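Numbering (this note's numbering), first residue to last: 2 to 87. The C-beta atom is built at its ideal place from N, Cα and C for all residues, glycine as well. Just so we're clear, the structure is a prediction, and the values are computed from it rather than from any experiment. Single-structure report; data block below.
Put into structure tokens, the structure is as follows:
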């Protein structure tokens with residue numbers, strides 16, 4: 002019996018490039034992690050990415066990066082943008 006309750010780490014994914022698909026698969030396989038938000042330059046692209054990559058239906062979809070970065074419900078932000086955008 003564990004005295005510590007397991008926590009779920011809530012990831013925000015910034016960018017929907019090809020590498021983001023691989024990262025989202027890894028997050029989905031982790032027992033203590035979930036994708037809680039996806040951001041792209043357009044909400045349509047972020048929504049399509051979420052649907053195609055088994056992102057939970059309750060995940061937030063953002064049409065720009067800043068709202069995800071400001072979201073207090075996100076524990077970890079994964080930046081999947083070109084280096085110049087970091």
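Quiz prompt | Candidates 29, 73, 15 and 54, of which the one nearest residue 79 by Cα | solution = Start at 1 with the first residue of the chain shown, and residue 79 comes out as number 78. Considering only alpha carbons, the answer is 15.
Practice problem: Run through the segment 33-69 for me and flag every whole beta strand (DSSP E) of 3 or more residues, listed as ranges in chain order. | Solution: 34-40 and 61-63
Exercise. Determine the direct distance from the alpha carbon of residue 44 to that of residue 5, and round the result to whole angstroms.
Key: In the chain shown, residue 5 corresponds to position 4, counting from 1. In the chain shown, residue 44 corresponds to position 43, counting from 1. If you take the alpha carbons of residue 5 and residue 44, they lie about 38 Å apart.
Self-check item: Reference residue 48, options 62, 75, 73 and 81, closest by Cα
Solution: Translated into the one-based positions of the chain shown, residue 48 becomes position 47. Of the listed residues, the one whose Cα sits closest to residue 48 is 62.
Practice problem: Look at residue 29 and residue 9 and say whether their C-beta atoms are less than 8 Å apart. | Solution: Looking up residue 29 in the chain shown gives position 28. Looking up residue 9 in the chain shown gives position 8. Result no, Cβ atoms of residue 29 and residue 9 do not sit closer than 8 Å.
Self-check item: Within 8 Å, strictly: CB atoms of residue 75 and residue 11
Solution: Locating residue 75 in the chain shown gives position 74, counting from the first residue. Locating residue 11 in the chain shown gives position 10, counting from the first residue. Their beta carbons are under 8 Å apart, which means residue 75 touches residue 11 by this criterion.
Practice problem: Identify the continuous alpha helix (DSSP H) that holds residue 14 and give its terminal residues. | Solution: Here residue 14 corresponds to residue number 13 of the chain shown, with the count starting at 1. Not the alpha helix (DSSP H): residue 14 falls in the beta strand (DSSP E), residues 10-15.
Quiz prompt | DSSP-derived helix/strand/coil call for residue 5 | solution = The residue labelled residue 5 in the question sits at position 4 within the chain shown. Residue state, collapsed to three classes: coil.
Practice problem: Run the CB neighbour count on residue 56, radius 10 Å, all protein chains shown included, and call it buried at 16 or more, exposed below. | Solution: The count along the chain shown starts at 1 and reaches residue 56 at position 55. Buried: at least 16 other Cβ atoms inside 10 Å.
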